[in-house]
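Letter by letter, the sequence shown follows residues 1 to 72 in UniProt numbering. All residues carry an ideal CB built from backbone N, CA and C; glycine is no exception. Bear in mind that the values here come from a model prediction, so they are computed numbers and not experimental data. To start, the structure under review is shown below, and the notes come after it.
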Amino acid sequence: MEQDNRLVSIGAKLKELIKAKGYVNMEHFAHDHQINRVTLYKVLNGSNFQMSTFLKLLDALDIDMKNFFLEL
């Protein structure tokens with residue numbers, strides 16, 4: 001099954017925002033925000049994800065959905 005480029009773009013954007021918050025290690029971000037590290041790894045690498053996971057990530061990054069997608 002081919003990877004959806006839109007999911008890859010979302011993952012890349014999330015990774016960029018996490019790094020902008022000062023996190024070099026994604027595992028530390030996952031721990032600090034009670035996000036399963038395997039789930040985070042999958043999302044950041046373009047795997048399909050649940051909307052609730054995406055919303056939790058946006059909350060942790062203090063960004064709303066509209067602004068996230070405006071800059072995607």
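I think residue i touches residue j, with their Cβ atoms under 8 Å apart; what is that distance to the nearest whole Å?
i: Ser47; j: Leu7; result: 7 Å
i: Leu14; j: Leu44; result: 6 Å
Would residue i be called buried (16 or more neighbouring beta carbons within 10 Å of its own) or exposed?
i: Ala20; result: exposed
i: Val24; result: exposed
i: Gly22; result: exposed
i: Leu40; result: buried
i: Leu55; result: exposed
Near residue i, what residues of its chain come up, given a Cβ to Cβ distance below 6 Å and the 5 sequence neighbours on each side ignored?
i: Ser52; result: none
Beta-carbon within less than 8 Å of residue i's beta-carbon, same chain only, minus the 5 sequence neighbours each way: which residues are those?
i: His31; result: Arg37
i: Asp4; result: Gly46, Asn48
State the DSSP-derived secondary structure class of residue i, mapped to helix, strand or coil.
i: Val24; result: coil
i: Phe49; result: coil
i: Asn36; result: coil
i: Asn4; result: Note that residue 4 corresponds to Asp in the displayed sequence, not to Asn. Coil at Asp4, not helix or strand.
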